[in-house]
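**Student:** FYI, in this note's numbering the residues of the sequence shown are 3 to 361. Ideal Cβ placement from N, Cα and C applies to all residues, glycine included.
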Amino acid sequence: MKYASRHYDGITYFRSFFVFIGKFFGVYKEMKKNTEKILKKGYQGTAKLGQAASSIGFVIAVIFGIVLIAGGIALFVVKVPQDPDSPVQEKPEWKQDEIAILKDDESSSYSHGDGRFANQIIRNLAMAIIAEKFDLFIRYQRSQEIEKLGFKLFCGTKKYSKNKVVTEKNYYYILKYNTLHYNIRSRGKSFYQTKQITNDIHNYLKSSKIMDQIVNNNIHKERYKNNNDCFIHIRLGDVADWNPGFAFYYKIISNINFNKLYIATDSPDHSIIAQLRNRFPHLDLYDTNLPDIMLFASTCKHVILSYGSFSAVIGYLSYYSNVYYKKVTNKTAWDFNSGDNNNMFNEKSSKIGKWIEIE
Numbered sequence: 003m004k005y006a007s008r009h010y011d012g013i014t015y016f017r018s019f020f021v022f023i024g025k026f027f028g029v030y031k032e033m034k035k036n037t038e039k040i041l042k043k044g045y046q047g048t049a050k051l052g053q054a055a056s057s058i059g060f061v062i063a064v065i066f067g068i069v070l071i072a073g074g075i076a077l078f079v080v081k082v083p084q085d086p087d088s089p090v091q092e093k094p095e096w097k098q099d100e101i102a103i104l105k106d107d108e109s110s111s112y113s114h115g116d117g118r119f120a121n122q123i124i125r126n127l128a129m130a131i132i133a134e135k136f137d138l139f140i141r142y143q144r145s146q147e148i149e150k151l152g153f154k155l156f157c158g159t160k161k162y163s164k165n166k167v168v169t170e171k172n173y174y175y176i177l178k179y180n181t182l183h184y185n186i187r188s189r190g191k192s193f194y195q196t197k198q199i200t201n202d203i204h205n206y207l208k209s210s211k212i213m214d215q216i217v218n219n220n221i222h223k224e225r226y227k228n229n230n231d232c233f234i235h236i237r238l239g240d241v242a243d244w245n246p247g248f249a250f251y252y253k254i255i256s257n258i259n260f261n262k263l264y265i266a267t268d269s270p271d272h273s274i275i276a277q278l279r280n281r282f283p284h285l286d287l288y289d290t291n292l293p294d295i296m297l298f299a300s301t302c303k304h305v306i307l308s309y310g311s312f313s314a315v316i317g318y319l320s321y322y323s324n325v326y327y328k329k330v331t332n333k334t335a336w337d338f339n340s341g342d343n344n345n346m347f348n349e350k351s352s353k354i355g356k357w358i359e360i361e
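#1: What residue ranges within the region 235-316 form continuous beta strand (DSSP E) runs of no fewer than 3 residues, ordered along the chain?
#2: When you compare the CB positions of S112 and R187, do they come within less than 8 Å of one another, or not?
#3: Does the distance from the C-beta atom of Y309 to that of S352 stay below 8 Å?
#4: Among the residues of its own chain, which have a CB less than 7 Å from the CB of R225, if the five just before and after it don't count?
#5: Note down, one range per segment and in chain order, each beta strand (DSSP E) of at least 3 residues found wholly within the region 101-171.
#6: So which of Y174, M296, K135 has the shortest CA-CA distance to E149?
#7: Keeping to the same chain, check which residues put their C-beta closer than 7 Å to that of V155; ignore five residues upstream and five downstream.
#8: Hey, out of V325, Y318, Y326, Y206, whose CA is closest to E134's CA?
#9: In this structure, how does DSSP classify K197 when only helix, strand and coil are distinguished?
#10: Reducing DSSP to helix, strand and coil, say where N229 ends up.
#11: Exposed or buried, which one is D231 when buried takes at least 16 other CB atoms within 10 Å?
#12: Measure the alpha-carbon distance for F250 versus N121 and round it to whole angstroms.
#13: Residues bridged to G190 by DSSP?
#14: Flag this pair as yes or no: are the beta carbons of N220 and G115 separated by less than 8 Å?
#15: Taking the alpha carbon of Y162 as the point to measure from, which residue in L138, N180, K171 has its own alpha carbon closest?
#16: I need the DSSP call for Y322, collapsed to helix, strand or coil.
#17: If you follow the beta strand (DSSP E) that I354 is part of, which residue opens it and which one closes it?
#18: Rounded to whole angstroms, how far is the Cβ of I358 from the Cβ of Y318, which I believe are closer than 8 Å?
#19: Just the Cα atoms here: how many angstroms apart are L292 and Q198?
#20: Quick check on S313: buried or exposed, where buried means 16 or more other Cβ atoms within 10 Å of its Cβ?
#21: Please report the straight-line C-alpha distance between T169 and T196, rounded to a whole angstrom.
#22: Got a sec? Which residues, its chain only, sit under 6 Å from K262 by beta carbon, not counting five neighbours each side?
#23: Pull up the distance between the alpha-carbon of T290 and that of Y179, whole angstroms please.
#24: On the three-state DSSP scale, how would you describe Y184?
#25: To the nearest angstrom, how far is the alpha carbon of Y174 from that of D286?
#26: For the alpha helix (DSSP H) containing M213, name the first residue and the last one.
#27: Please confirm whether N165 and Y194 have their CB atoms less than 8 Å apart.
#28: What three-state label does DSSP hand K328 in the structure shown?
#29: Grab me the residues of M213's own chain with a C-beta within less than 8 Å of its C-beta, minus the 5 sequence neighbours each way, in chain order.
#30: Check the C-beta distance from H304 over to F260 and give it rounded, since I have them as a contact under 8 Å.
#31: If we count the other Cβ atoms within 10 Å of its Cβ and call it buried at 16 or more, is S311 buried or exposed?
And the structure:
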């Protein structure tokens, strides 16, 4: 649990408290003065009511003041759990990465933001497509790790003094220009996973220029079109509730012929993995590093995906594979109702045919 500093809030709190006390005593003095005037005029009953009201008010104010003082002290002494929307929270990891990415160079384009490895791959590729069209000099988050997949993220030569933030909504508005005279900057909370953008990313990765780089640099390249293995990526962890379940994987596996079965997962102790082990005791858990998992998986003849960006990228790199995926619905896609038309799976294909959608 991270904690926010409350020093400034404590000062503000006490300042408000003293303002309250000042206003209260001003009202109290006014009430007392009015009561004395009433007494002089002989209205004893009304005066007594006024005295009683002011006395009760004074007692309430004292009690309330004690509570306020205790609360103010707590703000200085007690560590309060950080509100994720608080302006005093620490910068997210990708904001820290921004410093390293820019390297004191404010006149570059850059790509960085929220999400794990595959989210950053997709974001970087989305930005690279624009950068390549306009020959922009661009820096990328986690570029060294991503380039272990075997291809180079594009970096051009042009820099400008002005910048433009790219979102899913203005992506094609920018891309349609014939010329561009400003840098592009990704939006930290944008993932660029709409159907249209991921179609272009998929086609970009299948272009001969990029595909040849990936295939030729893959340390498992001898496996392309030279095995009868099945690879399953099973995303569970924090999104286990959206996983299609054991029956989905078992149905596909039971209807294909294969030699070896490999599984990559973030939750090896999950019940779905245990069920698959019971049915296929010789399966291998493939657990190396993120780029290698993608590269090895993409060489297998049969590739079965879960939902999410990591599975999607495995599919995009599986040039010579039969690729299976679960039909995207609100039961299997955590961002189904996001309003961003996110769909990284529909109408995709490998070199040997369309991806196979399973109801």
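**Tutor:** Inspection of the coordinates gives the following:
#1: 263-267, 304-306
#2: In the sequence as displayed, the identity of residue 112 is Tyr instead of Ser. In this structure, R187 lies closer than 8 Å to Y112 by Cβ.
#3: Contact: no.
#4: T301
#5: The qualifying runs are 111-113, 140-142, 165-168.
#6: The alpha carbon of E149 has as its nearest neighbour, out of Y174, M296, K135, the alpha carbon of M296.
#7: Note on residue identity: the sequence assigns Leu, not Val, to residue 155. Within the same chain, L155 has close Cβ partners N126, A130, Y142, S145, I148, E149.
#8: Nearest to E134 by C-alpha distance, out of V325, Y318, Y326, Y206, is Y206.
#9: helix
#10: coil
#11: buried
#12: Rounded to whole angstroms, F250 to N121 spans 25 Å at the Cα level.
#13: Beta-bridge pairing links G190 to no other residue.
#14: no
#15: L138
#16: DSSP places Y322 in the coil class of the three-state scheme, outside both helix and strand.
#17: It is not in any beta strand (DSSP E) - I354 carries neither H nor E in the DSSP assignment.
#18: That pair is no contact at about 15 Å.
#19: 26 Å
#20: buried
#21: Approximately 11 Å between the Cα atoms of the pair.
#22: Excluding sequence neighbours, K262 sits near D231.
#23: 42 Å
#24: Three-state DSSP puts Y184 in coil, outside helix and strand.
#25: 43 Å
#26: 210-219
#27: no
#28: strand
#29: L207, Y321
#30: Confirmed, Cβ separation roughly 6 Å.
#31: buried
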